[in-house]
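Taken in order, these protein sequences are the chains called A and B.
Residue 15 is where the first sequence starts when you use the numbering used here, and the numbers rise one by one after that.
Residue 151 is where the second sequence starts when you use the numbering used here, and the numbers rise one by one after that.
Built from N, CA and C at the ideal position, the CB exists for glycine as well.
What follows is a set of notes on a single structure, which appears directly below.
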Amino acid sequence: MKRLFFKNQNTWQFIIALIGVVLGLTLMLLAVQLFNKSKNYGEASELLDDNTLVVQKKIGRGAHLGIGKPNFTSLQIKQIKDLEFVASCSAILSNKFEVLVQIDDPIIPSFNSNIYLQSVEREYLDIPSEKFSWDTSEKVVPIVMPRNFLIMLNTFLSASQLPRLSEDLITSVKMNLLIGKKGQRDVYPATIIGFTNSFSSILAPKEFLNWANGKYTIEKEDMRSQLVVKAKKGFFGLLEKYLEENGLESSSEQLFIERLKSGLSAGIMGVVSLAILTLLLSLMLMIQYLQLILSNCTYEISVMLRLGHTVDKIRNVFLSYFSIVFLLMSIISLITFYILAQVIENKLVASGIILEPGVSAYSILALCIVFITFVGAIFYNATVRIRAHF
Amino acid sequence: MVEIELNRVCPNVFEDIDIQSEVWNTSLHIDQGGRYQVMAQSGKGKTSFLYFLLGLRSDYKGEIYLNQKKIPEINEQEWVLLRKRKISSIFQDLQLINHLSVAENIGLVPEYADGYNEALIRDMLRVVGIADKWNEKVKTLSFGQKQRVAIIRSLCKPFKLLLCDEPFSHLDEANTKLCRALILKRLDEERAGIIITSLDGEEGMGLKTINL
């Protein structure tokens, strides 16, 4: 029956529609994939919940001149703690000694960097306490790494023409904390147990930081420049308003990732719009092509109906033809999408951003939805137009 | 079997004319398995009559019953069954697909009659002198040859009523005889009736005449 209906048809419009479908589907798959991955970037293993912020004072020129110190006083901390929309608040503990992180692993070149260590009360962290604890008998210090540090490390590796590290891979890299003054440094092996966007410093267990501050301290003054503040459920907006009105801000690390994600999302939304437009136009062209064939085949359809064929049987010829064609276009789009996604993700990795590997299930879901919609449109159009000849 | 009843049927185009015949504006009963020829000059509604019976046109007044059911009340599924198994037709414009071969055109029927297969159909084509056209495109055939293909296509499927609209109009006497004989053989095999429209009447088929 296919020969009966599809022979002698002008296929130019169809070919243009097919190119449009491949283009539209590829763009859509890419957009959904990147949108979803960028949305999830850094969220899977975030330690702080949505109601908790790391807060610091806005730094003006005065702070550098000693006017308006960045540290929080005990009174200021108590005032925040007493606010009716604040569930809890405490100072973030910082190191009062020199500390370096050293990567000592054959898979990447030797790397040393001065760092800061911080610690917060365990109640704010979504880590099991047995995983994130330390006592003097422990040889290895569990740490939580800021994602910015990983981005910086990957930029360094990229510049050295070396492969970048994923979050999974870096957890197996041998790493040491070197504590003390130059020439008298003690080595403490460390292991990464998680990542965070909320802190700019490496997080260590409170027990370790207290112990190290006691042993290696070179500063007398307690540095309480950052607080961790948890808003009561449903009052996060009030907390943000309070910060704005009182010269406070949330940590730039939280904002950096959010800005990065929102920038990516805006770009991706543009691609989504383009994909939807291209897809709609090409699907409309395909449906118009179906209508054109049905118009050209009026005589053939009448003959078939007069011979005793059912509307469903004739409709299924068109349905199977267009479904198979669309399926083939989907496969071509999937292959193109996979190649392009690899290229884009490699570019992002070169910029230090490592997204979760693999094809997003949402991309496949979007493809299925488009396929079902298209098949539904063909089913409806073909049935109505064939039945009109009965 | 297919039984037909007409009750004061008149095509809309004849509404303003006071037309009286053995079909229009009267009652007519067509027996199951009956063999009829509907005779009239051109323009009297022979083709319309067959189209009304096939449910392809409904521009008429009055009522037509097919097996005691009013034609407008016959649903899609019932029409499919009627056209597939009960009623076979030879249209005046033949309803062949020009870009398909003779074999492909015959293959368009939803199912062959009991015991019929490609060999038997080729044999029927041989009887009417066009066996060598099996793989020829229909567009390359003369109208007379096309008419014989349309006749064979209508005969190779199961039916209880054969509707023929001037089926021999472009055939010479010899081919007309062969086709008549083939039709009668198939009517006997299927124990079916026939309604055939004609300008001058068909001889030698034992048909009752209805004047339109």
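Interface flag, residue i vs chain A, CB-CB below 8 Å
i: residue 196/B; result: no
i: residue 260/B; result: yes
i: residue 250/B; result: yes
i: residue 245/B; result: yes
i: residue 234/B; result: yes
i: residue 268/B; result: no
i: residue 323/B; result: no
i: residue 239/B; result: yes
Residue i (DSSP reduced to helix, strand or coil)
i: residue 392/A; result: helix
i: residue 381/A; result: helix
i: residue 287/A; result: helix
i: residue 27/A; result: helix
i: residue 392/B; result: There is simply no residue 392/B to check, as chain B begins at 151 and stops at 362 in what is shown.
i: residue 130/A; result: coil
i: residue 286/B; result: coil
i: residue 69/A; result: strand
i: residue 118/A; result: coil
i: residue 48/A; result: helix
i: residue 209/A; result: strand
i: residue 125/A; result: strand
i: residue 84/A; result: coil
i: residue 355/B; result: coil
i: residue 337/A; result: helix
i: residue 155/B; result: strand
i: residue 237/A; result: coil
Straight-line Cα distance separating residue j from residue i
i: residue 289/A; j: residue 337/A; result: 20 Å
i: residue 66/A; j: residue 28/A; result: 55 Å
i: residue 395/A; j: residue 335/A; result: 14 Å
i: residue 232/B; j: residue 321/A; result: 10 Å
i: residue 16/A; j: residue 23/A; result: 12 Å
i: residue 167/A; j: residue 391/A; result: 51 Å
i: residue 86/A; j: residue 94/A; result: 10 Å
i: residue 160/B; j: residue 31/A; result: 50 Å
i: residue 406/A; j: residue 269/B; result: Because chain A is modelled from 15 through 404, residue 406/A falls outside the range shown and cannot be assessed.
i: residue 201/A; j: residue 117/A; result: 12 Å
i: residue 215/B; j: residue 340/A; result: 46 Å
i: residue 220/A; j: residue 211/A; result: 19 Å
i: residue 157/B; j: residue 176/B; result: 6 Å
i: residue 265/B; j: residue 308/A; result: 35 Å
i: residue 352/B; j: residue 344/B; result: 12 Å
i: residue 373/A; j: residue 304/B; result: 56 Å
i: residue 80/A; j: residue 375/A; result: Model confidence at residue 80/A stands at a pLDDT of 49, short of 50, so the residue's coordinates are unreliable and nothing is read from them.
Buried or exposed by the 16-neighbour rule on C-beta atoms within 10 Å, applied to residue i
i: residue 230/B; result: buried
i: residue 315/B; result: buried
i: residue 120/A; result: exposed
i: residue 227/A; result: buried
i: residue 152/B; result: buried
i: residue 303/A; result: buried
i: residue 131/B; result: Absent from the model: residue 131/B. The displayed extent of chain B is 151 to 362, so no value can be given.
i: residue 292/A; result: buried
i: residue 351/A; result: buried
i: residue 306/B; result: buried
i: residue 13/A; result: The structure shown does not extend to residue 13/A, since chain A is modelled only from 15 through 404, so no value can be given for it.
i: residue 258/B; result: buried
i: residue 150/A; result: exposed
i: residue 379/A; result: exposed
i: residue 357/B; result: buried
i: residue 156/A; result: buried
i: residue 138/A; result: buried
i: residue 241/A; result: buried
Closer than 8 Å to chain B by CB, residue i
i: residue 21/A; result: yes
i: residue 393/A; result: no
i: residue 404/A; result: yes
Residue i: CB within 7 Å of a non-hydrogen atom of the ligand PLP
i: residue 356/A; result: With respect to the ligand PLP, the structure shown offers nothing to examine, as it has no ligands at all.
C-beta neighbour in chain E for residue i, strict 8 Å
i: residue 274/B; result: This model lacks chain E altogether, as its protein chains are A and B.
**Prompt:** Going along the chain, which residues of the region 317-335 of chain A sit with their C-beta nearer than 9 Å to a C-beta in chain B?
**Reply:** 317, 318, 319, 320, 321, 322, 323, 324, 325, 327
message: Output needed in chain order: residues of the region 15-45 of chain A with a Cβ under 9 Å from some Cβ in chain B.
response: 15, 17, 18, 21, 22
field: Contact residues within the region 291-321 of chain A, judged by C-beta distance below 7 Å to chain B
entry: 314, 317, 318, 320, 321
Exercise. Check each residue of the region 218-234 of chain B: if its Cβ is closer than 7 Å to any Cβ of chain A, include it; give the result in chain order.
Key: 226, 230, 233, 234
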